[in-house]
Amino acid sequence: MTLPRLNLRNKLLLFAIVIAIIPLLIAGQSLIRIARDEMKSSANDQLVTTARQVTDEIDDIFEHAWMAPLILVRNAVDEQGLGIQEKISLLTHGIADLKDIVALQITIEGGKLPLVVTQDAFANDLLAKGLAPVTILRTPPEDAAAFLKKGDWRAVTVSYIPEADKWLATVMLPLQSPIANARAVFSARIDLGRIRGLVAGHPFQRTGTITLIDATGHTVLDSKQADLSASPLARDAMGLLAVSAPVTSAETYDRPDGTPMLGAFSFPQSFRWAALTEKTEANAYFAVGQMIRSLGLWLAVGLAAAAIGALVFAFRISRPILRIGEAATEVGKGNFRARVDGVTSRDEIGDLAGRINTMIVQINERFQLAKFVSGGTMAAIQKSDSDGVKLGGERREVAILFADIRGYTAFSESRDPAMVVDVLNYYFQRMADIVSTHHGDIDKYVGDQIMAIFHGADMARDSTACALAIQDVMIELAAEHDEWKLDIGIGVDMGEVIMGAMGAKQRMDYTVVGDH
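So the sequence shown is residues 49 to 564, counted in this note's numbering.
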C-alpha cells in the first residue's frame, strides 16, 4: 500500500490547525490582565484606606488622649493665684492620671533648674536600665528658650532613647501667666508606645507593611531607624513633607532590590511623619495567581495535545534538516564521502536530501578535476561569464620556469614502474610546494618536467628564488636517497607571451604560447 504524499505545505497547514489553541491562551491572558487591573485598583484602595486610617488614629490619640488633658493641666497651672507648691501638686496629680505622659515640666525663662515631675512606673523602668530618669525626661532649657523666641502656640518633637528602646514625643506649650515675673513654658514628655503598638498590631501587617518615616526618610518608632530615602515611595513622601503638602497618594514602583511593589502614603497632622503602606505585587495579585493556576489546569489538556503535536512535527522537520546541515558541514571540511542518510520523508525535504547527495557527488567530481588544471585555468573559469571560458588570449609579461629531472630515463628503466611513479610524484610534490611558496603556478607536467608561470612585478625575483630553492631541495634529496642518482636541470625565461585558452571548444588548455 502506497502512502499518500504529504508535502511541506500540507504539514504547515496541519501544524496551523494544531496551534489553533493559541487563541485560547490569548483570551485567558486578556482575562488575567483585566483581573490584574481590578486587583490593582482594589489593592490601591486598601493601601490608601489603611494609610489614612493609621494617620487618623495617630491624630486621634494625639489630640484627644494627650493634648486635650495636657491643655487642661496647662490651663490649671496657668492660674495666676496659684503658688509654686500648688502648681507642683497639679503636675503630680495630672501625671498620675495620664498613662502615656511620663514627665511634666515647667521651665522659667532664664531659670537654671526647671520644675520636673516624672511618672513613677516609667522612671523606675529607666532606673532598672541604669539610666537617670530626670536627665532623660527633662526638656532642655535651651529648647524651651528657642520655643519662646519663635512664639509658636505649640511645638512637637520626637526623640529616641536607644538604651531603653523608647520613643518619646516632647510637647511644649507657653504659659500665659508669668512666673516670678518671667515667661514660662509648660512641656510634657509622652511615651509613644501606644502608637508603636497600634502600627505593629494593625491587621494590614499580615499581608503588607506599615512604616512611619520622618522628613529625612528614616523610620520612626523603630529601633533600627533604617534609612528608606532610596525607596521611590519614601522619596515622594519626603518631597511632599518638605513643601508641607500632605496629599494622600498611591503608587506602583520597584524597591532598590528590584521587587515590584504597590504603595501609598498619608500624613498625620500631629507629627512631621509619613505613614507608608506597602504590598508586593505578588501579594496584591494573589487572587490573580489563583486564577492563573485554575486557568492553567483547564487548558492543560489542550496545551498538552498542542505541545505533543508541535514536538512531533518539529522533530520530523528538524531531524532531516539537521542531517542535511551536518552533511553540508562535512563537505565544507573537504569530506566528499558525506551523505544525507536516514531521510525517508515523502515531501520537499526528502527531495532536497536526494538533491544534496547528488550535488555532493558532482562537487567531488569537479574537485578532483580541479587537481588536473593549473591555477591560471581555475582563475579564468572563475572570471568567465555565463557563457563560460572563450577561446583566445592576450599578451602578458611573464617569467617561465622549466625544471627537468636528469637521469630519469635510466632510473625508470631499471626500477619497478610503481616505484618510479612514487619517486616522480615525491619530487613533483616537493617542487609544487616550492613553486606555490614563491607565488608561482604550475602550468603543466610534461613527463618528468614541470613548467611554472610567474606573474607580477616581482616575477623575476620569485622565479629565480624558486629555482634556487628547488636546487637546495634536490641537494637534500640526493643526500637522503643517493641510490636514486637523480639530478635536475632548471631554466628560467622571461618575456612577452600569449596567455589564454587554446584548443577547441570541446577541449581547451589554458596556457602560454610564444618563443619564450
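C-beta: ideal position from N, C-alpha, C; glycine also.
For clarity, every value in this text was computed on a predicted model and none was experimentally measured.
Self-check item: Inter-stretch contact (C-beta, 8 Å, three-pair minimum) for the segment 247-261 and the segment 139-159
Solution: no
Quiz item: DSSP state of G543, grouped into three classes?
Solution: strand
Quiz prompt | Contact the segment 283-292 vs the segment 227-235: 3+ CB pairs below 8 Å | solution = no
Self-check item: Beta-bridge pairing of L216 - partner residues as DSSP gives them
Solution: S207, D239
Quiz item: If we call anything under 8 Å between Cβ atoms a contact, is A515 one with I538?
Solution: yes
Self-check item: Cutoff 7 Å; reference L269; Cβ partners in own chain excluding five residues on either side
Solution: W215, L240, I243, R244, V247, L260
Practice problem: Grab me the residues of A113's own chain with a C-beta within less than 8 Å of its C-beta, minus the 5 sequence neighbours each way, in chain order. | Solution: Result list for A113: D148, R242, in chain order.
Quiz item: A549: which of V560, G543, V388, Q477 sits nearest, CA to CA?
Solution: V560
Quiz item: Would DSSP call V471 helix, strand or coil?
Solution: DSSP places V471 in helix when its eight states are reduced to three.
Quiz item: Should D433 be labelled buried (16 or more other beta-carbon atoms within 10 Å of its own) or exposed?
Solution: With a pLDDT of 49 at D433, under the threshold of 50, the modelled position of this residue cannot be trusted, and the question is left open.
Quiz prompt | Member of M407, I209, A194, T97 whose CA lies at the smallest distance from the CA of L221 | solution = A194
Exercise. Report back the beta-carbon spacing between T140 and P162 to the nearest angstrom; my notes put them in contact at under 8 Å.
Key: Rounded, the Cβ-Cβ distance is 15 Å, inconsistent with contact.
Self-check item: Same chain only: Cβ atoms within 8 Å of A180, ignoring 5 sequence neighbours per side
Solution: Excluding positions up to five away in sequence, the list reads L174.
Self-check item: Residue range of the beta strand (DSSP E) that includes Q497
Solution: 497-502
Self-check item: Coil, strand or helix - Q253 by DSSP
Solution: helix
Exercise. Grab the span of the beta strand (DSSP E) containing M43 for me, first residue to last.
Key: It is not possible to answer for residue 43, since the shown part of the chain is limited to 49 through 564.
Self-check item: Spatial distance of L281 from A151 (CA atoms)
Solution: 36 Å
Quiz item: Between the C-alpha atoms of R283 and Q128, what's the straight-line distance to the nearest angstrom?
Solution: Using only the alpha carbons, I get a separation of about 49 Å.
Exercise. Counting only the same chain and skipping the five closest in sequence on each side, list residues whose C-beta sits under 7 Å from that of L472.
Key: D496
Self-check item: For Y493, the residue or residues it bridges with in DSSP
Solution: I498
Practice problem: On a CA-only basis, which of H487, R394, T267 is nearest D510? Give me that one, please. | Solution: H487
Quiz item: Given that a residue counts as buried once 16 or more other Cβ atoms are within 10 Å of its Cβ, and exposed if not, what is A418?
Solution: Residue confidence is low: A418 scores 49 on pLDDT, short of 50, so the model does not pin down where it sits. No coordinate-derived value is stated.
Self-check item: Three-state class that DSSP yields for H112 in the structure shown
Solution: Residue state, collapsed to three classes: helix.
Exercise. Could you spell out the range, first to last residue, of the alpha helix (DSSP H) harbouring T512?
Key: Residues 507-528.
Quiz item: How big is the Cα-Cα spacing for H564 and G543?
Solution: 6 Å
Self-check item: Beta bridge counterpart(s) of W321 as assigned by DSSP
Solution: D262
Quiz prompt | Proximity below 8 Å, CB of L565 to CB of V233 | solution = The question about residue 565 has no answer here: the residues shown for the chain are numbered 49 through 564.
Exercise. Have a look at V494 and I546 and give me their C-alpha separation to the nearest angstrom.
Key: 20 Å
Practice problem: Please work out which residues of its chain come closer than 7 Å, Cβ to Cβ, to A508, disregarding the five sequence neighbours upstream and downstream, and give them in chain order. | Solution: A447, M542
Quiz item: From this set, A323, T328, A298, which residue's C-alpha is nearest D305's C-alpha?
Solution: T328
Quiz item: Quick one: Cα of W201 to Cα of V121, how far?
Solution: The alpha-carbon separation between W201 and V121 amounts to approximately 16 Å.
Self-check item: Range of the contiguous beta strand (DSSP E) that encloses S225
Solution: First-last for S225: undefined, no H or E at that position.
Exercise. On the DSSP bridge assignment, give the partners of Q153 in chain order.
Key: V164, S235
Practice problem: Using DSSP bridges, identify the partner residues of R444. | Solution: V545
Quiz item: Quick one: does A480 have its CB under 8 Å from some CB of chain B?
Solution: Reference to chain B is not applicable here, since this structure consists of a single protein chain.
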